[in-house]
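In the UniProt record's numbering, the protein residues as written are 1 to 556. Virtual Cβ for every residue (Gly too), placed ideally from N, Cα, C.
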Amino acid sequence: MKTDVQIAQEATMLPISEVASKLGIDEDKLIHYGKYKAKVDLGLLEELKDKPDGKLVLVTAINPTPAGEGKTTTNIGLSMGLNKIGKSAITALREPSLGPSFGVKGGAAGGGYAQVVPMEDINLHFTGDFHAITTAHNLISALLDNHIHQGNALNIDPRRVVWKRVLDMNDRALRDIVVGLGGKPNGMPRQDGFDITVASEIMAIFCLSKDLEDFKARVGEIIVAYKFDGSPVFAKDLQAQGAVALLMKDAVNPNLVQTLENTPALIHGGPFANIAHGCNSMLATKLALKMAEYTITEAGFGADLGAEKFFDIKCRFGGLKPDATVIVATIRALKYNGGVKKDELGSENLEALAKGFENLEKHIENVNKFGVPAIVAINKFPTDTEAELNYVLERCNSLGAEAVLSEVWGKGGEGGIEMAKAVVKVCETKESNFKPLYDVEDSIKTKIEKIAKEVYGADGVDFTKSCEKTIANIEKLGFDKMPICMAKTQYSLSDDPTLLGRPRGFKITVRDIKVSRGAGFLVALTGEIMTMPGLPKVPAANNIDILPSGEIVGLF
1 MKTDVQIAQE ATMLPISEVA SKLGIDEDKL IHYGKYKAKV DLGLLEELKD KPDGKLVLVT
61 AINPTPAGEG KTTTNIGLSM GLNKIGKSAI TALREPSLGP SFGVKGGAAG GGYAQVVPME
121 DINLHFTGDF HAITTAHNLI SALLDNHIHQ GNALNIDPRR VVWKRVLDMN DRALRDIVVG
181 LGGKPNGMPR QDGFDITVAS EIMAIFCLSK DLEDFKARVG EIIVAYKFDG SPVFAKDLQA
241 QGAVALLMKD AVNPNLVQTL ENTPALIHGG PFANIAHGCN SMLATKLALK MAEYTITEAG
301 FGADLGAEKF FDIKCRFGGL KPDATVIVAT IRALKYNGGV KKDELGSENL EALAKGFENL
361 EKHIENVNKF GVPAIVAINK FPTDTEAELN YVLERCNSLG AEAVLSEVWG KGGEGGIEMA
421 KAVVKVCETK ESNFKPLYDV EDSIKTKIEK IAKEVYGADG VDFTKSCEKT IANIEKLGFD
481 KMPICMAKTQ YSLSDDPTLL GRPRGFKITV RDIKVSRGAG FLVALTGEIM TMPGLPKVPA
541 ANNIDILPSG EIVGLF
């Protein structure tokens with residue numbers, strides 16, 4: 001089997017102007033980045049505002065194995081499958097981060113014969129959006145430290161600066177650092193650190209804003225530090241929002257590319273799915289809805305994280321109403337959730353499959369809690385046996401969920417036809433009665449407890465003593481009436497990555513609450529969530545190269 005990059009390099013791409021013309025986008029609305037990439041001027045969204053929206057389909061997944069279960073690949077293959085059966089479709093995806101690309105997980109451009117192209121560009125610098133976000137974030141950091149150095153008129157407590165710096169690279173050495181060393185000219189020494197760019201609140205704001213003015217206003221509301229009297233310091237107190245918005249003037253326009261089969265793809269933004277909401281930009285999603293019958297989008301990690309945040313944060317802020325949800329499952333992940341070790345996942349094991357199926361069953365229940373019909377897509381692997389596949393198909397049907405095999409990795413759009421037909425059938429015959437899980441006016445504890453009990457299946461929530469104090473302070477400041485963004489492991493419905501399947505009789509422990517005032521949500525931290533990952537013993541970067549001919553090798 002050819003590698004992903006080899007398949008991508010053999011693709012017959014259309015000039016991006018031709019892809020755009022299929023969607024009715026005039027040339028004057030394109031900002032070209034070479035022959036096969038372009039940004040779409042946001043003015044088009046305003047022109048199309050009165051046009052009815054198409055169908056919105058979310059692609060999510062069960063709790064995965066460490067290798068992932070092909071959610072993005074399924075998303076791309078579904079969009080191509082829909083075009084195969086005569087429906088116009090757009091895939092709306094997140095942009096990949098350079099950290100995973102050079103680390104261990106790989107990029108986020110799909111795989112096999114269900115990829116977006118030019119794959120190398122998308123997984124590397126693309127159109128520079130992440131660089132703009134990195135620079136904008138670090139501009140606030142520079143202004144903050146400069147303010148303290150120049151007399152500290154705002155009376156900022158250097159011990160309570162909460163705005164770290166960011167870099168789009170896995171670099172564990174930067175997690176905890178000291179800045180300002182070297183004497184008085186270099187500023188006030190203080191403890192600091194770096195997060196990866198996708199963990200930046202600027203990224204979350206970027207992906208929830210409705211336009212550049214909304215982005216600017218949200219940036220102004222970012223809490224960067226606290227004063228000696230305990231009151232918050234906002235980015236607007238540093239007069240940072242105007243310059244930050246200027247840095248984002250080009251990035252705010254969605255990026256248009258194509259799949260291997262020339263299906264249009266809008267790839268824009270990419271917040272962390274752990275400590276942020278893990279969805280592509282609101283702007284790209286809304287633009288896609290105006291231009292195609294079906295918009296296929298995704299949310300990070302399993303449905304307990306990605307889908308819940310998509311529904312409770314993105315859909316709430318954007319007034320979106322999803323028509324259906326595709327839950328990606330694999331036989332190997334179901335067996336993994338049933339207790340099978342990673343090196344034994346290729347062997348038939350119906351007993352473990354039955355045990356692990358409980359994980360999928362819970363995710364189906366969760367999607368239905370939000371009033372959205374669920375379709376299960378079984379991403380087929382060569383090691384899957386007929387008995388295993390039939391077991392999952394029959395169990396899904398017994399639960400009232402459409403279930404189909406997806407073979408898009410090996411067959412492209414042709415392998416997604418049955419999935420596409422199932423999605424159309426559900427969208428045309430089942431009404432979505434979407435509603436968020438909780439009321440933002442509820443207390444912080446009530447909202448967290450509802451997510452933990454309803455979505456994770458927990459018996460309740462334990463809040464640490466320090467977290468109790470934080471909650472009291474947030475309520476005192478009046479920042480409690482916002483949605484909750486849960487930060488927890490993606491490997492389990494619980495906050496313990498070792499509790500696989502459908503754990504019962506457990507509680508979630510919330511150790512801290514972070515206020516993302518600009519983004520508009522509160523981050524509830526459970527477990528140990530890494531916001532600056534490290535490289536593995538053998539990084540992917542060791543095998544990546546560019547040959548004298550210009551050919552890129554080793555990039556997945």
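From the DSSP output, which residues share a beta bridge with D379?
In the sequence shown, counting from the first residue as 1, residue 379 sits at position 379. Position check: residue 379 holds Asn in this sequence, whereas Asp was assumed. Per DSSP, S406.
Sequence-distant residues of its chain with Cβ nearer than 7 Å to L350 (five each side left out)
Walking along the sequence shown from the start, residue 350 turns up at place 350. The answer, listed in chain order, is A387, E388, Y391.
Could you have a look at N368 and say whether DSSP puts it in helix, strand or coil?
As a working mapping, residue 368 is identified with position 368 in the sequence shown. N368: helix per DSSP, three-state reduction.
For E402, is the classification buried or exposed, using 16 other Cβ atoms within 10 angstroms of its Cβ as the cut-off for buried?
Residue mapping note: residue 402 aligns to position 402 of the sequence shown, counting from 1. Result: buried.
For V340, the nearest candidate out of L44, T65, Y33 (CA to CA)
To locate residue 340, count along the sequence shown from 1; it is residue 340. Ranking the options by Cα distance to V340, first place goes to T65.
Taking the continuous beta strand (DSSP E) assigned at H147, which residues delimit it?
Residue mapping note: residue 147 aligns to position 147 of the sequence shown, counting from 1. No beta strand (DSSP E) holds H147; the alpha helix (DSSP H) holding it covers 129–149.
Contact under 7 Å by Cβ, D168 with F130:
Residue numbering aside, residue 168 sits at position 168 when the sequence shown is read from its first letter. Residue numbering aside, residue 130 sits at position 130 when the sequence shown is read from its first letter. A contact, by the Cβ cut-off of 7 Å.
From the DSSP secondary-structure annotation, give me the bridge partner or partners of K55.
Counted from its first residue, the sequence shown places residue 55 at position 55. BP columns for K55 point to Y294.
Could you name the residues of the same chain whose beta carbon sits closer than 7 Å to that of A136, not counting the 5 residues immediately before and after it, in chain order?
Locating residue 136 in the sequence shown gives position 136, where the first residue counts as 1. These residues qualify, in order along the chain: I202, V244, L247, M248.
Mind reading off the beta-carbon distance from A199 to F272? Whole number of angstroms is fine, and I expect it under 8 Å.
In the sequence shown, counting from the first residue as 1, residue 199 sits at position 199. In the sequence shown, counting from the first residue as 1, residue 272 sits at position 272. With a Cβ gap of about 5 Å, A199 and F272 count as contacting.
For V426, does the three-state DSSP call read helix, strand or coil?
Your numbering for residue 426 matches position 426 in the sequence shown. Helix.
By DSSP, does V392 sit in helix, in strand, or in coil?
As a first step, residue 392 must be located in the sequence shown, where it is residue number 392. Three-state DSSP puts V392 in a helix.
Indicate whether L283 and P254 have their beta-carbon atoms separated by less than 7 Å.
Translated into the one-based positions of the sequence shown, residue 283 becomes position 283. Translated into the one-based positions of the sequence shown, residue 254 becomes position 254. Taking 7 Å as the Cβ cut-off, L283 and P254 qualify as a contacting pair.
With distance defined between alpha-carbon atoms, name the residue in V440, V404, R395, L437 nearest to V424.
Numbered from 1 along the sequence shown, position 424 holds the residue referred to as residue 424. Nearest of V440, V404, R395, L437 to V424, Cα basis: V404.
If you reduce the DSSP assignment to three classes, tell me which class S466 lands in.
Here residue 466 refers to the residue found at position 466 when the sequence shown is read from its first residue. If DSSP states are grouped into helix, strand and coil, S466 belongs with the helices.
Apply the 10 Å Cβ neighbour rule to T446 and answer buried if 16 or more other Cβ atoms are within range, or exposed otherwise.
For this step, residue 446 is matched to residue 446 along the sequence shown. Flag for T446 reads exposed.
What number of angstroms, rounded off, separates the C-alpha of G520 from the C-alpha of E298?
For the purposes of this step, residue 520 is taken as the residue at position 520 of the sequence shown. For the purposes of this step, residue 298 is taken as the residue at position 298 of the sequence shown. Cα to Cα, the separation comes out at about 21 Å.
Proximity winner among G99, K164, D157, D145, relative to K184 (alpha-carbon distances):
Here residue 184 refers to the residue found at position 184 when the sequence shown is read from its first residue. Closest by alpha carbon: D145.
Complete beta strand (DSSP E) runs within the stretch 225–310 (minimum length 3 residues, chain order):
232–234, 255–259, 264–267, 294–298
When R511, M530, L289, P373 are compared against F463, the one with the closest alpha-carbon
Your numbering for residue 463 matches position 463 in the sequence shown. When only C-alpha atoms are compared, the closest one is R511.
Just the C-alpha distance for Q115 and Q9, rounded to the nearest angstrom, thanks.
Mapped onto the sequence shown, residue 115 falls at position 115. Mapped onto the sequence shown, residue 9 falls at position 9. Whole-angstrom Cα-Cα distance: 11 Å.
Three-pair Cβ contact test at 8 Å for the stretch 318–336 versus the stretch 67–74:
yes
Quick one: is H147 buried, meaning 16 or more other Cβ sit within 10 Å of its Cβ, or exposed?
Taking the sequence shown and counting its residues from 1, the one referred to as residue 147 is at position 147. Buried, since its Cβ has 16 or more Cβ neighbours within 10 Å.
At which residue ranges does the stretch 12–81 contain complete beta strand (DSSP E) runs of 3 or more residues, listed in the order of the chain?
Listed in chain order, the complete beta strand (DSSP E) runs (minimum 3 residues) inside the stretch 12–81 are 30–32, 38–40, 55–61.
Range of the contiguous beta strand (DSSP E) that encloses A540
Within the sequence shown, the letter at position 540 stands for residue 540. Run containing A540: none; DSSP gives neither H nor E here.
Pick out whichever of L124, G151, I122, V166 has its Cα sitting closest to the Cα of N138.
Taking the first residue of the sequence shown as position 1, residue 138 is located at position 138. Ranking L124, G151, I122, V166 by Cα distance to N138 puts V166 first.
Classify F506 as helix, strand or coil using the three-state DSSP reduction.
Locating residue 506 in the sequence shown gives position 506, counting from the first residue. Reduced to three states, the DSSP call for F506 is coil.
Apart from the five residues just before and just after G413, which ones in its own chain have a Cβ nearer than 6 Å to its Cβ?
Stepping through the sequence shown from its first residue, residue 413 is reached at position 413. Excluding positions up to five away in sequence, the list reads M80, G81, K84, E261.
Indicate the three-state DSSP secondary structure (helix, strand or coil) for P118 in the structure shown.
To locate residue 118, count along the sequence shown from 1; it is residue 118. Coil at P118, not helix or strand.
Which value, in whole angstroms, describes the spacing of the CA atoms of N397 and E361?
Residue 397 sits at position 397 when you count from the first residue of the sequence shown. Residue 361 sits at position 361 when you count from the first residue of the sequence shown. If you take the alpha carbons of N397 and E361, they lie about 11 Å apart.
Hey, how far is the Cα of M419 from the Cα of Y491?
Walking along the sequence shown from the start, residue 419 turns up at place 419. Walking along the sequence shown from the start, residue 491 turns up at place 491. Between M419 and Y491, the C-alpha separation is close to 26 Å.
If you count every other CB in all the chains shown that lies within 10 Å of the CB of P533, and 16 or more means buried, which is it?
Residue mapping note: residue 533 aligns to position 533 of the sequence shown, counting from 1. It counts as buried.
Measure the CB-CB distance between I529 and N359 and report whether it falls below 7 Å.
Against the sequence shown, residue 529 aligns to sequence position 529. Against the sequence shown, residue 359 aligns to sequence position 359. No, these two residues do not count as a Cβ contact at 7 Å.
Between which two residues does the beta strand (DSSP E) carrying V161 extend?
Taking the first residue of the sequence shown as position 1, residue 161 is located at position 161. Note, V161: beta strand (DSSP E), 156–161.
Considering just the uninterrupted stretch of the beta strand (DSSP E) at V523, what are its terminal residues?
For the purposes of this step, residue 523 is identified with residue 523 of the sequence shown, where counting begins at 1. 521–526 is the span of the beta strand (DSSP E), which, as asked, contains V523.
Report the rounded CA-to-CA distance for G54 versus I25, giving the unit in angstroms.
Locating residue 54 in the sequence shown gives position 54, counting from the first residue. Locating residue 25 in the sequence shown gives position 25, counting from the first residue. Cα-Cα distance, rounded: 16 Å.
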